[in-house]
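*Asks:* For the sequence shown, our numbering gives the first residue as 108, with consecutive numbering after it.
The beta carbon of each residue, even a glycine, is placed where N, CA and C say it ideally should be.
My questions will all concern the structure given below.
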Amino acid sequence: MAEPNLSEVSLDKLRLWSSESLKHFLSIRKKNATGNFNELVATVYAAIESNVPVDQDAEQAERRLLHEYKSKLSVDNQVYPDPYTFEEGWLPEETVTLLSRKTAAFLISILLQ
C-alpha cells in the first residue's frame, strides 16, 4: 500500500485524528501506542518527523486480525453489529456485577449437586 504524504501534517491536524487512528498509525510502525491523547499525538508527530517506516509484517498481522474479528461477527451469512460500537443499551457496572455473582452462585450450586 502506498504511504500517504505526511510531510504537511501539523500537530493541529493530528489533534483531529481519533485515538484509534493514532494508535493504528503507531502500531503498524511498531511504536508504543499507549498513553493519553496528547501523548499519542506527540508520538505520532515524532514518528512522522523521524520518517519511521511502516512495518509490513505488523500491517499484515493487523489486517489479518481485523479480518478475523469481522468474520466472527458473521453467522450463517448474517452480519451482526460489533458490540463494542454500541453506545446505548449497556447495563450499569453495579447491575452486571450483581448478575455475575448470582449467575456464578447458581452455576456453583449446580456443580455441587
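Between the alpha carbons of residue 108 and residue 196, how many angstroms are there, rounded?
*Replies:* The pLDDT assigned to residue 108 is 47, lower than 50, so where the model puts this residue is not dependable, and the model offers no usable value.
*Asks:* Which whole runs of the alpha helix (DSSP H) in the stretch 161-217 are 4 residues long or more, in chain order?
*Replies:* The qualifying runs are 163-179.
*Asks:* For residue 190, which residues from the same chain have a beta carbon less than 8 Å from its beta carbon, with the 5 sequence-adjacent residues on both sides left out?
*Replies:* Correct list: empty, nothing qualifies.
*Asks:* Kindly indicate which three-state DSSP category residue 158 falls into: helix, strand or coil?
*Replies:* Here residue 158 sits in coil by DSSP.
*Asks:* Keeping to the same chain, check which residues put their C-beta closer than 6 Å to that of residue 219; ignore five residues upstream and five downstream.
*Replies:* Excluding residues within five positions, none has a Cβ falling inside 6 Å.
*Asks:* Please confirm whether residue 174 has its beta-carbon closer than 8 Å to some beta-carbon of chain D.
*Replies:* The question asks about chain D, but that chain is absent: this structure has only one protein chain.
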